[in-house]
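Worksheet: the structure to be examined is printed underneath.
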Amino acid sequence: MRIGGLNSRWVEFKYERLPVFCYLCGRLDHNEKECIEWLRSAGSINAEDKQYGPWLRAIPDLL
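Going by full-length UniProt numbering, the sequence shown opens with residue 1, and the numbers climb by one from there.
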(Lines of atoms letter the chains of each structure in order from A and count residues from 1; the text may use other names and numbers.)
(Lines give C-alpha, C1' and ligand atoms only; values in the text may rest on other atoms or scores of the structure.)
Protein backbone atom coordinates (compact mmCIF):
# COMPACT_ATOMS: atom_id res chain seq x y z
CA MET A 1 0.00 0.00 0.00
CA ARG A 2 1.31 3.43 -0.82
CA ILE A 3 0.72 6.10 1.76
CA GLY A 4 1.49 9.67 0.84
CA GLY A 5 4.69 9.74 -1.23
CA LEU A 6 6.49 6.98 -3.05
CA ASN A 7 7.15 4.72 -0.06
CA SER A 8 5.30 1.41 0.09
CA ARG A 9 4.21 -0.19 3.36
CA TRP A 10 2.73 -3.55 4.29
CA VAL A 11 -0.61 -3.44 6.03
CA GLU A 12 -1.71 -6.37 8.19
CA PHE A 13 -5.33 -7.39 7.78
CA LYS A 14 -7.65 -10.35 8.30
CA TYR A 15 -10.84 -11.28 6.50
CA GLU A 16 -13.94 -12.99 7.82
CA ARG A 17 -15.99 -15.21 5.49
CA LEU A 18 -13.61 -14.91 2.57
CA PRO A 19 -15.16 -16.99 -0.23
CA VAL A 20 -12.15 -17.40 -2.56
CA PHE A 21 -8.51 -16.68 -1.78
CA CYS A 22 -5.25 -17.77 -3.38
CA TYR A 23 -2.58 -18.59 -0.78
CA LEU A 24 0.08 -18.47 -3.49
CA CYS A 25 -0.30 -14.93 -4.84
CA GLY A 26 -2.77 -13.33 -2.41
CA ARG A 27 -5.47 -12.44 -4.92
CA LEU A 28 -9.14 -12.67 -4.05
CA ASP A 29 -10.51 -13.75 -7.43
CA HIS A 30 -9.28 -17.36 -7.67
CA ASN A 31 -8.01 -20.28 -5.60
CA GLU A 32 -4.63 -22.03 -5.73
CA LYS A 33 -5.63 -24.54 -8.41
CA GLU A 34 -6.58 -21.70 -10.75
CA CYS A 35 -3.51 -19.55 -9.99
CA ILE A 36 -1.23 -18.66 -12.89
CA GLU A 37 1.76 -19.09 -10.55
CA TRP A 38 0.68 -22.67 -9.80
CA LEU A 39 0.06 -23.42 -13.47
CA ARG A 40 3.46 -22.00 -14.50
CA SER A 41 5.20 -24.07 -11.82
CA ALA A 42 3.56 -27.26 -13.14
CA GLY A 43 2.46 -28.06 -9.58
CA SER A 44 5.94 -27.88 -8.06
CA ILE A 45 5.27 -25.13 -5.48
CA ASN A 46 5.68 -26.35 -1.89
CA ALA A 47 3.80 -25.16 1.18
CA GLU A 48 6.95 -23.27 2.27
CA ASP A 49 6.84 -21.25 -0.97
CA LYS A 50 3.38 -19.85 -0.29
CA GLN A 51 3.24 -16.20 0.75
CA TYR A 52 0.00 -16.65 2.68
CA GLY A 53 -1.55 -19.34 4.84
CA PRO A 54 -4.43 -20.21 7.14
CA TRP A 55 -2.95 -17.80 9.70
CA LEU A 56 -4.50 -15.04 7.59
CA ARG A 57 -8.00 -16.15 8.52
CA ALA A 58 -9.73 -14.23 11.30
CA ILE A 59 -11.68 -15.89 14.07
CA PRO A 60 -15.30 -14.70 13.66
CA ASP A 61 -16.72 -12.55 16.42
CA LEU A 62 -19.63 -14.31 18.08
CA LEU A 63 -22.38 -12.10 19.43
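Note that the Cβ used here is the ideal one computed from N, Cα and C, for glycine as well.
For Trp38, which residues in the same chain have their Cβ closer than 7 Å to its Cβ, ignoring the five residues on either side in sequence?
Leu24, Glu32, Ile45
Could you give the DSSP three-state label for Arg9: helix, strand or coil?
coil
When you compare each of Asn7, Phe21, Ser8 to Gln51 by their alpha carbons, which one comes out closest?
Phe21
If you measure from the CB of Ala58, is any heavy atom of the ligand NAD nearer than 6 Å?
Ligands displayed in this structure: none; no statement on the ligand NAD is therefore possible.
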